[in-house]
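Read the structure below first, then the notes.
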Amino acid sequence: MRRFMVRAHDGEIEAEARRLLTALDVDDVEVIRDETVAEAWLDDLEARRTIYGLAEIREYLERLIQG
Numbered sequence: 000m001r002r003f004m005v006r007a008h009d010g011e012i013e014a015e016a017r018r019l020l021t022a023l024d025v026d027d028v029e030v031i032r033d034e035t036v037a038e039a040w041l042d043d044l045e046a047r048r049t050i051y052g053l054a055e056i057r058e059y060l061e062r063l064i065q066g
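Read in order, the letters of the sequence shown correspond to residues 0 to 66 in numbering that gives the first Met the number 0.
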């Protein structure tokens with residue numbers, strides 16, 4: 000099971016999320032399209048936490064990577 004799941008509202012947001020994950024070298028993630036979310040959600044399955052919005056997702060992942 001992967002640690003992260005990203006839910007993206009549409010194809011454009013999905014592509015942006017994939018670019019973000021690639022730039023941060025995050026590979027333990029599944030990206031799915033989910034029209035029920037407003038923009039994007041990140042589910043951190045290990046921490047049992049959900050982060051809302053691409054900017055907030057970027058900040059959260061950067062903090063995790065920096066340790």
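Heads up, the beta-carbon is just placed ideally off N, CA and C, and yes, glycines get one too.
Every value quoted in this text rests on a predicted model; they were computed, and no experiment measured them.
Using beta-carbon positions only, say whether residue i and residue j come within less than 9 Å of one another.
i, j, result
"alanine 39", "valine 5", "yes"
"valine 30", "alanine 7", "yes"
"arginine 17", "leucine 44", "no"
Tell me which same chain residues have a C-beta within less than 6 Å of the C-beta of residue i, skipping the five on either side of it?
i, result
"aspartate 24", "none"
"glutamate 61", "none"
Tell me which residues share the same chain as residue i and place their Cβ nearer than 7 Å to its Cβ, disregarding the 5 neighbours each side in the sequence.
i, result
"glutamate 15", "Leu53"
Of the residues the options, which one's Cα is nearest the Cα of residue i?
i, options, result
"glutamate 11", "Glu58, Arg32, Glu45", "Arg32"
"glutamate 13", "Met0, Arg2, Arg1, Ala37", "Ala37"
When DSSP builds the beta bridges, which residues end up paired with residue i?
i, result
"aspartate 43", "Phe3, Arg48"
What residue range is occupied by the uninterrupted beta strand (DSSP E) comprising residue i?
i, result
"glutamate 29", "28-32"
Along the chain, where does the alpha helix (DSSP H) containing residue i start, and where does it finish?
i, result
"alanine 54", "53-65"
"glutamate 15", "10-22"
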